[in-house]
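Peer 1: Each residue of the sequence shown is one higher than the one before, starting from 7 at the first, in the working numbering.
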Amino acid sequence: MTSNRPALPPEIARRRTFAIISHPDAGKTTLTEKFLLFGGAIQMAGQVRAKGEARRTRSDFMKMEQDRGISVSASAMSFEYNDFRFNLVDTPGHSDFSEDTYRTLTAVDAAIMVIDGAKGVESQTRKLFEVCRLRDLPILTFCNKMDRESRDTFEIIDEIQENLAIDVAPASWPIGVGRDFIGAYDLLNDRLEIMDRADRNKVAETVKISGIDDPKLADHIPAEQLRKLREEIEMARELLPKFDRKSFLEGHMTPIWFGSAINSFGVRELMDGIGNYGPEPQPQNSADREIAPEEKAVTGFVFKVQANMDPKHRDRVAFVRLASGHFERGMKLLHVRSKKPMAISNPVLFLAADRELADEAWAGDIIGIPNHGQLRIGDALTEGEALKFTGIPSFAPELLQSVRATDPMKAKHLEKALMQFAEEGAAKVFKPAIGSGFIVGVVGALQFEVLASRIELEYGIPVRFEASQFTSARWLSGPKEKVEAFANLNKQHMATDHDGDLVYLTRLQWDIDRVTRDQPELKLTATKEMM
Ligand code: G4P
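1) Smallest Cα separation from Phe401: which of Leu193, Asn207, Arg132 and Tyr108?
2) In the DSSP assignment, the beta strand (DSSP E) including Gly484 goes from what residue to what residue?
3) Between the alpha carbons of Arg470 and Gln426, how many angstroms are there, rounded?
4) With DSSP as the reference, identify every bridge partner of Arg22, one or two as the case may be.
5) Assuming Ile27 contacts Leu37 under a Cβ cut-off of 8 Å, what Cβ separation, rounded to an integer in Å, is found between them?
6) For Met277, name the three-state secondary structure that DSSP assigns.
7) Between the alpha carbons of Thr477 and Thr112, how many angstroms are there, rounded?
8) Is Ala386 helix, strand or coil when you go by DSSP?
9) Closer than 8 Å is the cut-off here; do at least three beta carbon pairs connect the region 233–240 with the region 119–137?
10) CA-CA distance, Phe325 and Val354?
11) Is the beta carbon of Ser178 within less than 8 Å of some heavy atom of the ligand G4P?
12) Between which residues of its own chain and Asp205 is the CB-CB distance below 7 Å, once the five residues before and five after are set aside?
13) Enumerate in chain order the residues of its own chain whose CB-to-CB distance from Ala532 is below 7 Å, with the five nearest sequence positions on each side excluded.
14) With DSSP run on the structure shown, which of helix, strand or coil describes Ile188?
15) Grab the span of the alpha helix (DSSP H) containing Met83 for me, first residue to last.
16) When you compare only the Cα positions, how much space is there between Ser178 and Trp263?
17) What does the alpha-carbon distance come out to for the pair Asp321 and Gly379?
18) Rounded to a whole number of angstroms, what is the C-alpha to C-alpha distance between Thr147 and Gly126?
19) By a C-beta neighbour count over all protein chains shown, 10 Å radius and 16 as the cutoff for buried, is Gln130 buried or exposed?
20) Check whether the region 337–355 and the region 384–392 touch, using three or more Cβ-Cβ pairs below 8 Å as the test.
21) Between which two residues does the alpha helix (DSSP H) harbouring Asn460 extend?
22) For the region 360–446, list the beta strand (DSSP E) runs that are entirely contained and at least 3 residues long, ordered along the chain.
23) Leaving aside the five residues before and after Glu430 along the sequence, list all residues of the same chain whose C-beta is less than 6 Å from its C-beta, in chain order.
24) Taking 9 Å as the CB-CB limit, is Pro299 close to chain E?
25) Does DSSP put Pro526 in a helix, a strand or coil?
26) Strictly by DSSP, which residues pair up with Asp122?
27) To the nearest whole angstrom, what separates the beta carbons of Asn150 and Ala32, a pair I think is in contact under 8 Å?
28) Excluding five sequence neighbours on each side, which residues of the same chain lie with their C-beta closer than 6 Å to the C-beta of Met537?
29) Start and end of the alpha helix (DSSP H) containing Met2?
30) Is Lys434 buried or exposed, if buried means 16 or more other CB atoms sit within 10 Å of its CB?
31) What first and last residue would you give for the alpha helix (DSSP H) that runs through Gln594?
32) Check whether the Cβ of Leu37 sits closer than 8 Å to any heavy atom of the ligand G4P, and report yes or no.
33) Kindly examine the ligand G4P and report whether one of its heavy atoms sits closer than 8 Å to the Cβ of Asn150.
34) Under the DSSP definition of a beta bridge, which residues are partnered with Trp179?
35) Taking the C-alpha atoms as reference points, what is the distance between Gln525 and Met500?
36) Kindly examine the ligand G4P and report whether one of its heavy atoms sits closer than 8 Å to the Cβ of His29.
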């Protein structure tokens, strides 16, 4: 993260664009719901729940995909909180969709990591954390479910420090656990927060005190717990790092809050944390230069495309992160890839459950642009400059299968459907140089099932996925003649992706190693920038 930057215009400076990462069941949905509740975006808790539950099982997941209205409006949510405008970008819940998750994280400036106080750092948390680390994203940690039996506070902090190799600074300190949990001591503001167990949607009572030695504490905390709290805080202050905003913004330190999302406890402190300490919209990288958010001209990039929200109309929504400028509805922007102007007449902002027309948006915001397939992941929109944003990769799929329509008459339609999914980023589609048919590549096996169901549902084409003779795909590049000669000699291994780029398919890592060794001028890569 860049520091020492000039002050941003106030409208941009008040924006906070972030995602929540967690292992399933840690409480992401519950926390999101409380954010929306305190942000005034929903009237009562329970409205986001349907989605959280839908995630749990595969069949429910399919059902959710059918009901794409829900998942789209929840993909990015904007709401006001105090003086801030929060843009919360949803990360897909299932581990099979890690590529989508990665791209989502290119659109945010910070992440909240939710962990379950009884379980600590779990596998999915660790994976997502690593992705954040690749981008040096600042991370705020929320240790949830303190109203249940949890681990010892020092143990939780140690585990995060050791497992994730990041400094952890306590922003609050829990008082008691499980049934004895009564609240937390706010270490950043020297305040006492008491949890209200009777009303789950009520914000905790704040007690003003003058530090941990204030005798007033005894009015709220039983003597034995108070003695323990004083002892622990003394130890924490001695042994643990103090919160340092610079180190946090650089991604080296995470502040941790202890709370209970379901009881609304600790949520406001966390929100204040994002607002007060979280990063402002950050500069974005492009091939030629860094784009600063305060630049006058509007620029943005597509990080996600969601197709067929209404199966009757082939409409799609492209999610665009604005990198700079002040966007106004009706603006004409240059679609850099096609070099054509696009009038953005009906952009949408995502306000919790509703989609709303956006009249204006600023750097840092996420807007949705309905379109008929022109906009693809990685595309740039500008006021004229031929920008090429970088850092939105496409990963080589880890699983390959061939696909065909059960009705051979529908082969042509299948090609169209597959290309649309490829453009949406839902799968890689390769057209082999020899023979007919397609090879589809995904990162997780569940995606094959989701694809099959979507192709049937959205295009009316029943399909069968079958084992492919290949297991790996690599993009091929290098000097033109060398590439052509190689492709001609290895026709049975060659295919093209939906952009027409050459791909080498094989079932042996040995093949890949051999090519790399014998023909150093050729490059076989497992990622490609989506431009
Ligand atoms: P996820 O999106 O990360 O998968 O988690 P989600 O919010 O759906 O929460 C998972 C479960 O944990 C839910 O229980 C939820 O109510 C519960 N939970 C969330 N925050 C807290 C908390 O602070 N304390 C306690 N004790 N539980 C919490 P569930 O039984 O699976 O669903 P439900 O029947 O409660 O809806």
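A virtual CB, placed ideally from N, CA and C, is assigned to each residue, including glycine.
Peer 2: On the basis of the coordinates in this document:
1) Tyr108
2) From DSSP, Gly484 is part of no beta strand (DSSP E); its letter is neither H nor E.
3) 18 Å
4) Phe92
5) Actually they do not touch by this definition, with Cβ atoms about 11 Å apart.
6) helix
7) 28 Å
8) strand
9) no
10) 9 Å
11) no
12) none
13) Phe401, Ala402 and Arg480
14) coil
15) Where Met83 is concerned, there is no enclosing alpha helix (DSSP H), although the beta strand (DSSP E) it sits in stretches over Ala82 to Tyr87.
16) 5 Å
17) 7 Å
18) 11 Å
19) buried
20) yes
21) The residue you asked about is not Asn; residue 460 is Arg in the sequence shown. Residues Leu452 to Tyr465.
22) 360–363, 366–368, 372–377, 386–388, 399–401, 405–411 and 434–438
23) Val311 and Ala313
24) Considering every chain present, this structure includes no chain E. It has just one protein chain.
25) coil
26) Gly126 and Asn150
27) 6 Å
28) Unreliable positioning characterises Met537 in this predicted model, as indicated by a pLDDT of 46, which lies under 50. A coordinate reading is not provided.
29) Nothing about residue 2 can be reported from this structure: the residues present for the chain run from 7 to 537 only.
30) buried
31) Since the first residue of the chain shown is 7 and the last is 537, residue 594 is not available in this structure.
32) yes
33) yes
34) Tyr191
35) 16 Å
36) yes
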